[in-house]
Amino acid sequence: MEHRFNERVTDLKIPGTRQFSNKVSEYDNGINLTLGQSGFDAPDFIRQAMTEVIDDGKLRYTHNKGLIELRRAIADYTKKRFSVSYDPETEIIVTNGGSEAIDSVFRAIVAPGDEVIIPAPAYAGYEPIIHLLGAKAVYVDTTKTHFVPTKAAIEAAITDRTKAVLFNYPSNPTGTTMTQAQIAELVSLLKDKDIFIITDEIYSENVYSGKHHSFMEFPEVRDQLFVINGLSKSHAITGARIGYILAPPFATEQVTKVHLYNTICAATPSQYGAIAALTHPETPAMLEKMNRAYIERRDYLYKRLTEMGLPVELPTGAFYILPDISAYNKDSFQFATDLLEAEQVAVVPGAAFTPYGEGHIRLSFASTMEEIEEGCARLERFLRNCITKSN
Ligand SMILES: Cc1ncc(COP(=O)(O)O)c(C=O)c1O
């Protein structure tokens, strides 16, 4: 019967990020450093806002683009954070997580034969959608430029089939951010070209030095720009499934059709939770508290990995670090498998994040400090044993 399925679907593989966390849960003493979400509990005031509306029976559909109160809260947040105005009536769509935002934007713009340029290593959630649409992800290597794409590298990848360039900063899996000057360079290349810019800024609240900068700050690309964001990572509510898209009215009009035929609207209680998340007076202190903890864990991990002799960039955002393990094993999947079997520590092989992630492993500092300390001790022992074995 398999031949009856869409070949573009049967081609797809289950993401490499999940495999190791599933396996480590089978061990009593397992340490899971694969987390792609905050280890903090969802704040009380968000949970309360959600349960209150359920108790009040507010379980009907909302506007396709989301509750207007939520779109206003997103517009206010965007204005405060980036000094940029997006009209809540015509330029904002609330989606089922950042994932649906990515899917809806791609489906609104990408046609068979198109190419989408993506700096890599990259999040594993983009290529499958591009593939389902009969288009091609064109990866640009950032491993020699501190995981930041240069103007020259993006320019060299542009062809007459290029439909869009996607940037994800802060980045999963590299933890890298882009400075305003680096974004300005890319803007100077892409402005006035018939190419869309998609920026996935789902980690924009998780930035550890200075301020997060966005393509939004450059009005010259506003008409070609889709900004994807959401509350999953920042507010520790991955299960609420709240994301959103900012785009000019003519683009929002097209994306709204894809979104509404797919899902009608985001879940109503989650939308009320998101209003609380964006407007509650306790939110800034909560975000600061989580970021302080991530910085402490990042600093510890960076120091320990460096002491172990692994080449590694200091992450400036998100909650991931991507050390180079190629001196031990060029095959990151094998490295992660051996580490799990020998020491019961789960990490994600870099190859899960495009071939440019090969030779690396991704560790998450959303895990607790205790897990990180123990994970590092075991990783260090594993590396020592690798050296002993090869001598
Ligand atoms: C870069 C990136 N974009 C989007 C998502 C999806 O976010 P959501 O849980 O809001 O769908 C993730 C989740 O890991 C991610 O890392």
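Position one of the sequence shown corresponds to residue 1 (full-length UniProt numbering), numbered consecutively onward.
Note that beta-carbon positions come from the ideal geometry of N, C-alpha and C, so glycine has one too.
Run the Cβ filter for me: residues under 6 Å from any heavy atom of ligand 3, listed in the order they occur in the chain.
Annotation note on ligand 3: not contained in the displayed structure, which lists ligand 1 as its ligands.
Are at least three pairs of beta-carbons, each pair with one atom in the segment 148 to 163 and one in the segment 35 to 46, less than 8 Å apart?
Touching, no, given that fewer than three Cβ pairs across the two stretches are closer than 8 Å.
What separation, rounded to the nearest whole angstrom, lies between the Cα atoms of Ala122 and Pro173?
Taking the first residue of the sequence shown as 1, we reach residue 122 at position 122. Taking the first residue of the sequence shown as 1, we reach residue 173 at position 173. Cα-Cα distance, rounded: 6 Å.
Please confirm whether Leu225 and Ile202 have their CB atoms less than 9 Å apart.
One-based indexing of the sequence shown puts residue 225 at position 225. One-based indexing of the sequence shown puts residue 202 at position 202. Not a contact, by the Cβ cut-off of 9 Å.
Buried or exposed for Gln48, going by 16 or more other Cβ atoms inside 10 Å?
Walking along the sequence shown from the start, residue 48 turns up at place 48. Burial call: exposed.
Between the beta-carbon of Val348 and the beta-carbon of Thr17, is there less than 9 Å?
If you number the sequence shown from 1, residue 348 lands on position 348. If you number the sequence shown from 1, residue 17 lands on position 17. Going by C-beta atoms, Val348 is nearer than 9 Å to Thr17.
Roughly how many angstroms lie between the CA atoms of Phe319 and Gly230, to the nearest whole one?
On the sequence shown, position 319 is the one that residue 319 refers to. On the sequence shown, position 230 is the one that residue 230 refers to. Cα to Cα, Phe319 sits roughly 16 Å from Gly230.
Taking 7 Å as the limit between beta carbons, can you name the residues of its chain near Arg72, skipping five residues before and five after?
Against the sequence shown, residue 72 aligns to sequence position 72. Excluding residues within five positions, the ones whose Cβ falls inside 7 Å are Pro88.
What separation, rounded to the nearest whole angstrom, lies between the Cα atoms of Glu185 and Tyr139?
The sequence position of residue 185 within the sequence shown is 185, counting from 1. The sequence position of residue 139 within the sequence shown is 139, counting from 1. Glu185 and Tyr139: Cα-Cα distance of roughly 19 Å.
Cβ atoms of Thr177 and Thr316: under 9 Å apart, would you say?
As a working mapping, residue 316 is identified with position 316 in the sequence shown. As a working mapping, residue 177 is identified with position 177 in the sequence shown. Yes, Cβ-Cβ distance for Thr316 and Thr177 is below 9 Å.
What did DSSP end up calling His131 once you bin it into helix, strand or coil?
Working through the sequence shown from its first residue, we reach residue 131 at position 131. Reduced to three states, the DSSP call for His131 is helix.
Taking Cβ positions only, does Asn22 come closer than 9 Å to chain D?
As a matter of chain content, chain D is missing from the structure shown, which is built from one protein chain.
Tell me Leu260's beta-bridge partners as DSSP assigns them.
Stepping through the sequence shown from its first residue, residue 260 is reached at position 260. Answer is none; Leu260 lacks a bridge partner.
How is the alpha helix (DSSP H) around Ile109 delimited, first residue to last?
The residue labelled residue 109 in the question sits at position 109 within the sequence shown. Looking at the DSSP string, the run of the alpha helix (DSSP H) that includes Ile109 is Gly97 to Ile109.
Could you tell me if Pro323 is buried or exposed, where buried requires 16 or more neighbouring beta carbons within 10 angstroms of its beta carbon?
Translated into the one-based positions of the sequence shown, residue 323 becomes position 323. Flag for Pro323 reads buried.
Tell me the DSSP bridge mates of Val168?
As a first step, residue 168 is located in the sequence shown; it is residue number 168 there, counting from the start. First, the residue type needs correcting, since residue 168 is Asn and not Val in the sequence shown. Paired residue(s): Asp200.
Which one or two residues does DSSP pair with Gly317 in a beta bridge?
On the sequence shown, residue 317 is found 317 positions in, with the first residue counted as 1. Gly317 is bridged to Val207.
Kindly confirm or deny that the segment 253 to 265 and the segment 17 to 30 touch, where touching means at least three C-beta pairs closer than 8 Å.
No, because fewer than three Cβ pairs between the segment 253 to 265 and the segment 17 to 30 fall closer than 8 Å, the two stretches do not touch.
Count the other CB atoms within 10 Å of the CB of Gln271; is the residue buried (16 or more) or exposed (fewer)?
Counting from one through the sequence shown, the residue named residue 271 turns up at place 271. Answer is buried; the Cβ neighbour count reaches 16.
Within 10 angstroms of its Cβ, does Arg381 collect 16 or more other Cβ (buried), or is it exposed?
Within the sequence shown, residue 381 is the residue found at index 381, counting from 1. Arg381 is exposed by the Cβ-count criterion.
Inspect the beta-carbon positions of Lys80 and His259 and report whether they are closer than 9 Å.
Here residue 80 is taken as the residue at index 80 of the sequence shown, counted from 1. Here residue 259 is taken as the residue at index 259 of the sequence shown, counted from 1. No, these two residues do not count as a Cβ contact at 9 Å.
Which residue spans inside the segment 281 to 318 form an unbroken alpha helix (DSSP H) run of at least 4?
If we require 4 residues or more, the alpha helix (DSSP H) runs fully inside the segment 281 to 318 come out as 283 to 307.
By Cβ distance below 6 Å, which residues in the same chain neighbour Ile325 in space, the five residues on each side in sequence not counted?
Here residue 325 corresponds to residue number 325 of the sequence shown, with the count starting at 1. Within the same chain, Ile325 has close Cβ partners Phe335 and Ile361.
Within the segment 18 to 100, note down every full beta strand (DSSP E) run reaching 3 residues or more, in order along the chain.
With a minimum length of 3 residues, the continuous beta strand (DSSP E) runs that stay inside the segment 18 to 100 are 92 to 96.
Can you give me the C-alpha to C-alpha distance between Ile129 and Tyr356, rounded to a whole angstrom?
Indexing the sequence shown from 1 puts residue 129 at position 129. Indexing the sequence shown from 1 puts residue 356 at position 356. So the two alpha carbons sit approximately 19 Å from each other.
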